[in-house]
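**Student:**
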Amino acid sequence: MLISYIDDIEKYARNDTLARVIRYVIENCFYHVAQRIKFEGFGRSNYRSREISEALKTLKKAMLIYLIYPSTVTELPILIDSKKSPRLHIIDTGLVNYFAGLQKELFGTEDLNDVYEGKIAEHVVGQELIAINSSIVNKVSFWVREKKQSIAQVDYIIPYEKYIIPIEVKSGKASRLRSLHEFMDLASHNYAVRIYSGILKVDKVQAVKGKRFYLLNLPFYLIGSINKYLDWFLEEGKKKA
Numbered sequence: 005m006l007i008s009y010i011d012d013i014e015k016y017a018r019n020d021t022l023a024r025v026i027r028y029v030i031e032n033c034f035y036h037v038a039q040r041i042k043f044e045g046f047g048r049s050n051y052r053s054r055e056i057s058e059a060l061k062t063l064k065k066a067m068l069i070y071l072i073y074p075s076t077v078t079e080l081p082i083l084i085d086s087k088k089s090p091r092l093h094i095i096d097t098g099l100v101n102y103f104a105g106l107q108k109e110l111f112g113t114e115d116l117n118d119v120y121e122g123k124i125a126e127h128v129v130g131q132e133l134i135a136i137n138s139s140i141v142n143k144v145s146f147w148v149r150e151k152k153q154s155i156a157q158v159d160y161i162i163p164y165e166k167y168i169i170p171i172e173v174k175s176g177k178a179s180r181l182r183s184l185h186e187f188m189d190l191a192s193h194n195y196a197v198r199i200y201s202g203i204l205k206v207d208k209v210q211a212v213k214g215k216r217f218y219l220l221n222l223p224f225y226l227i228g229s230i231n232k233y234l235d236w237f238l239e240e241g242k243k244k245a
């Protein structure tokens, strides 16, 4: 599939210059999956922001990549900030695994977070969420809070009913999800999600500033059914309130 994209590059480019930039972006994008990127000098190149932007937009139309932009809100609607650096996703995680040579490493791991510095785990979740929330209304985003002293970032946020639900892709203890805690301290609701390699369960967690919230711990294999489990999760939360 990748070879076909590269061989047919002229179909997507309006001139030879754009064809060269697109080819460069394709060959380098797999090293930046699930990462925030800057257009200027992408992949340590000398290409300008406008050239990379046009190439990425072309590849997005060709359904090879997807750009997820950040938001700073905790209440609906999710307003993205297109002036901030987006995160780069490849539409097919299998292509990422193949290009990075991770097949054997993936087969031998018990926790996806241990592979490729956690990028594959985050990318798999992103691919599933994009497939579920692909409409203009329900776009996937991620949350940031940028200060001079510190930066908080939640892996994903999605609209669900009247809430913005934060989603972190992490192993380890729930108390270490500091960015998630910052989001929940600002949110008007008490529901958050952690995707990991453990069992399905709900924890009651105390955020950094003392707010208590419910954390749905969802195994990787249930991501495709996340809406069903959010139904159950919120219903359970209402019973305990």
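Everything in the sequence shown is counted per this note's numbering, starting at 5 for the first residue and increasing by one. Glycine included, every Cβ here is placed at the ideal spot set by N, Cα and C. Computed from a prediction, not measured in an experiment: that's the story for all the values here.
(1) Give a yes or no on contact between the segment 66-74 and the segment 85-97, applying the rule of three or more CB pairs nearer than 8 Å.
(2) Below 8 Å on the Cβ atoms is my contact criterion, and I expect residue 80 with residue 166 to pass it. Report the Cβ-Cβ distance as a whole number of Å.
(3) Around the Cβ of residue 130, are there at least 16 other Cβ atoms within 10 angstroms (buried) or fewer (exposed)?
(4) Near residue 164, which residues of its chain fall below 7 Å by C-beta distance, leaving aside the five closest residues on each side in sequence?
(5) Leaving out the 5 sequence neighbours to the left and right, which residues in its chain are closer than 6 Å to residue 40 when beta-carbon positions are compared?
(6) Which whole-angstrom value is the C-beta distance of residue 94 and residue 33, which I expect to be below 8 Å?
(7) DSSP state of residue 136, grouped into three classes?
(8) With DSSP collapsed to three states, give me the class of residue 234.
(9) Is it true that the CB of residue 28 sits closer than 9 Å to the CB of residue 249?
(10) Where does residue 244 sit, in a helix, a strand or coil, going by DSSP?
(11) Count the other C-beta atoms from every protein chain shown that fall within 10 angstroms of the C-beta of residue 112, then say buried if there are 16 or more, exposed otherwise.
(12) Helix, strand or coil: which one does DSSP assign to residue 32?
(13) How many angstroms separate the CA atom of residue 157 from the CA atom of residue 207?
(14) Return helix, strand or coil for residue 39, following the three-state DSSP convention.
(15) Who are residue 156's beta bridge partners in DSSP?
(16) Tell me, which residues are paired with residue 4 by DSSP?
(17) Could you check what DSSP says for residue 52 in three-state terms: helix, strand or coil?
(18) What's the C-alpha gap between residue 199 and residue 45?
(19) Comparing the C-beta of residue 199 with each C-beta of chain C, is any distance below 9 Å?
(20) Taking three-plus beta-carbon pairs below 8 Å as touching, is the segment 178-197 in contact with the segment 50-68?
(21) Is it the case that the CB of residue 198 approaches a heavy atom of the ligand PLP more closely than 8 Å?
**Tutor:** So, from the data block:
(1) They touch, by the three-pair rule.
(2) Confirmed, about 7 Å.
(3) So residue 130 ends up on the buried side.
(4) Result list for residue 164: 234, in chain order.
(5) Only 89, 91 meet the Cβ criterion.
(6) Right, the Cβ-Cβ distance comes to about 6 Å (below 8 Å), so this counts as a contact.
(7) Reduced to three states, the DSSP call for residue 136 is helix.
(8) Residue 234 falls in the helix class under three-state DSSP.
(9) Since the displayed the chain opens at 5 and closes at 245, residue 249 lies outside it and no answer follows.
(10) Here DSSP, grouped into helix, strand and coil, assigns residue 244 to helix.
(11) With a pLDDT of 46 at residue 112, under the threshold of 50, the modelled position of that residue is not reliable, and the figure given next carries that caveat. With fewer than 16 other beta carbons inside 10 angstroms of its own, residue 112 counts as exposed.
(12) Reduced to three states, the DSSP call for residue 32 is helix.
(13) Computed Cα separation, rounded: 21 Å.
(14) Three-state DSSP puts residue 39 in a strand.
(15) Answer by DSSP bridge pairing, in chain order: 149.
(16) This structure gives no information on residue 4, because the portion of the chain shown stretches from 5 to 245.
(17) Residue state for residue 52 is assigned as coil, using DSSP reduced to three classes.
(18) Their backbone Cα atoms lie some 33 Å apart in a straight line.
(19) In the structure shown, chain C does not exist; there is a single protein chain.
(20) Taking a cut-off of 8 Å for Cβ pairs, the segment 178-197 and the segment 50-68 do not touch, as fewer than three such pairs fall below it.
(21) No copy of the ligand PLP appears in this structure; indeed no ligand is present at all.
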